[in-house]
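Residue numbers (my numbering): 1 to 562.
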């Protein structure tokens, strides 16, 4: 039994030793595996640490680049704003200069007007003085001519007297007689000629009186000539001064005119500069808005890239939206673009987005060109149709007016003819009957169209004794015809007035339609300009997006290489 127990214990010990040995081998094998796994985990951890440090460095570099880009964009934005403020101040300065130039121009215009008024007054005064001077010169010439005629007559008389003296010299006998008794000789000579003493005395008295009158007239003319010369000498400095003032005023007007022209040129230049400054300011505003939108899109793209980097590290990141954008989500085209076209997951999605943008731009360009062509052709056709309709309407109205005028002329001629016949027929009627007929005609021609009470009385009244029944019947017939023609004339007058009213209404409607067409044309031109501006803006955005996509491709390629 002891041997069996020993063998049993020995067998148990052997089994236990075998199990222990197996367990030991298993533990050693597991220990070697765990050691190897630990080495591998340590190497992996080291590699991951290196990768983490590398990614952290890249993130820091990207953050620094983002900060630098934000700072540069802020500086650019500040520079743009400063430039815009400077341009605005320059535009305000130009505006103030333009207003000052306009005020100076107005002052110069008023000064020129005042000078022109003074010049006109001086010219009028100078003209009056010249007129008076010419009148005095004419009077002086007339008096001078009269004096010259008188002098010529006196010269002729003097020549005649000289001839008589020479004739008397030849007559020696008469001279002897005259030397002895001149009065007796003259008396005998006159008596021989047949003139009596009374006639001789009368001739002597007349010659003396004429001589006195001529002397007085000569004195008066000399006094007038001297007075005129004195007045001319007195007014010569005044006329000279007025002439100098006129020349100075003309010189001043010319200088002011040239200055005004220069100011107008300067004003036009300042206006053009102001317009250019406004255009530049508007361009910078649009550029600032575009850069702000680009900055916002770049910010979203950078945030999306940081999100992708964090997710690649294993960190879950949620991108939040601003409340304003959440409330007004997808209400404008810019929001749609920001939501679907700014961010991307990979290069394939970016390429698909670019292809979509290219197709959308081409479709929009084709639609815009087609819409512009259709609108232009439709507008031209509508305006041509309206113009043809207006021309036809004007032609028809002109023909109707000519027709009405001709009808009025014919009716006026018939009225005059019937009036003549009526006057011829009523020539033999009494005065009371004629007045009664005239009153009835006047009542028929009145605008109120009142019924004529005298017509029944005329039809039923008893004719006078001097008119026959045939004349009375003819008179009544003419009266009826006159009433009918008067009614026709009134009807035609009403038609003509109606036609004039319709014509004025149609002309006003045509003018309104033309003004409306012009307004539509202006609105279409403005809409065309807006569409062109939108297309240019879309093209610029597309170019910016394409440039951003290219830069992001390069960045992604650099990230993949690293």
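Beta carbons: idealized from backbone N, C-alpha and C, even for Gly.
Assumed close pair residue i, residue j - CB separation to whole angstroms, cut-off 8 Å
i, j, result
"residue 298", "residue 542", "Their Cβ separation, rounded to whole angstroms, is 16 Å, which puts residue 298 and residue 542 out of contact at 8 Å."
"residue 274", "residue 499", "Their Cβ separation, rounded to whole angstroms, is 53 Å, which puts residue 274 and residue 499 out of contact at 8 Å."
"residue 241", "residue 129", "Not really, about 12 Å apart at Cβ, beyond 8 Å."
"residue 284", "residue 80", "6 Å"
"residue 393", "residue 506", "6 Å"
"residue 366", "residue 101", "Wrong, their Cβ atoms sit about 49 Å apart, outside the cutoff."
"residue 147", "residue 221", "6 Å"
"residue 563", "residue 252", "There is no way to answer for residue 563, as the model of the chain reaches only from 1 to 562."
"residue 108", "residue 263", "7 Å"
"residue 306", "residue 73", "No, residue 306 and residue 73 are not in contact; Cβ-Cβ is about 18 Å, not under 8 Å."
"residue 59", "residue 309", "6 Å"
"residue 540", "residue 290", "7 Å"
"residue 140", "residue 228", "6 Å"
"residue 66", "residue 360", "The pair is not a contact, with the Cβ atoms about 30 Å apart (cut-off 8 Å)."
"residue 408", "residue 496", "7 Å"
"residue 143", "residue 224", "7 Å"
"residue 286", "residue 55", "Incorrect: roughly 40 Å between the Cβ atoms, too far for contact."
"residue 122", "residue 247", "At roughly 11 Å, the Cβ-Cβ gap does not stay under 8 Å, so residue 122 and residue 247 are not in contact."
"residue 566", "residue 354", "The first residue shown for the chain is 1 and the last is 562, placing residue 566 beyond what the model contains."
"residue 492", "residue 411", "6 Å"
Cβ-based burial, residue i [other Cβ within 10 Å; buried from 16]
i, result
"residue 563", "Outside the modelled stretch of the chain, which goes from 1 to 562, sits residue 563, for which no answer is possible."
"residue 149", "exposed"
"residue 270", "buried"
"residue 46", "exposed"
"residue 545", "buried"
"residue 202", "exposed"
"residue 329", "Because residue 329 sits at a pLDDT of 44, beneath the cut-off of 50, its placement in the model cannot be relied upon, and the point is left open."
"residue 457", "Bear in mind that a pLDDT of 36 at residue 457, under 50, signals an unreliable position, so the model cannot answer this."
"residue 375", "exposed"
"residue 204", "exposed"
Can you give, in chain order, each stretch of the beta strand (DSSP E) that sits fully within the stretch 17-57 and has at least 3 residues?
As far as the stretch 17-57 is concerned, it has no whole beta strand (DSSP E) run of at least 3 residues.
Can you list, in chain order, the stretches of the beta strand (DSSP E) that have 3 or more residues and sit fully within the stretch 107-150?
Runs of the beta strand (DSSP E) inside the stretch 107-150: none found.
Entirely enclosed alpha helix (DSSP H) segments - the stretch 250-310, minimum 4 residues
Within the stretch 250-310, no complete alpha helix (DSSP H) run reaches 4 residues.
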